[in-house]
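For reference, the structure is listed below as structure tokens.
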Amino acid sequence: MRLSDVECECGALYRCAESETLEGEPGNLQCASCGRIVEAWQTRNRRVYRCMLTPDRSYPVVTPPPAP
Ligand SMILES: [Zn+2]
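Residue numbers 3 to 70, in the working numbering, belong to the letters of the sequence shown in order.
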């Protein structure tokens, strides 16, 4: 089982688990937030994606307070 992280242009983060033993089929990952094709593959290994972070749940960028 290989793990890797894939990030969509919209900021959503997916964790990919690719099995080296189970058989799957070529396909692609469509972002659940923006609908873009984040990743496409031609291998026949089984892949499972889990959404780790959606853009609306990510932390906002906090600006540091001004120096005294
Ligand atoms: Zn997206």
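Built from N, CA and C at the ideal position, the CB exists for glycine as well.
Using a 10 angstroms sphere on the CB of ALA69, the tally of other CB atoms stays under 16, which defines it as exposed. Spatial neighbours of SER6 in its own chain (CB-CB distance under 6 Å, excluding positions within 5 residues in sequence) are listed in chain order as CYS18. Relative to the non-hydrogen atoms of ligand 1, the Cβ of ARG38 comes within a distance shorter than 6 Å of at least one.
Taking C-beta atoms under 8 Å as the contact rule, ARG46 and GLY26 qualify, at a distance of about 6 Å. Scanning LEU31, CYS10 and ARG52 for the CA closest to the CA of GLN44 turns up LEU31.
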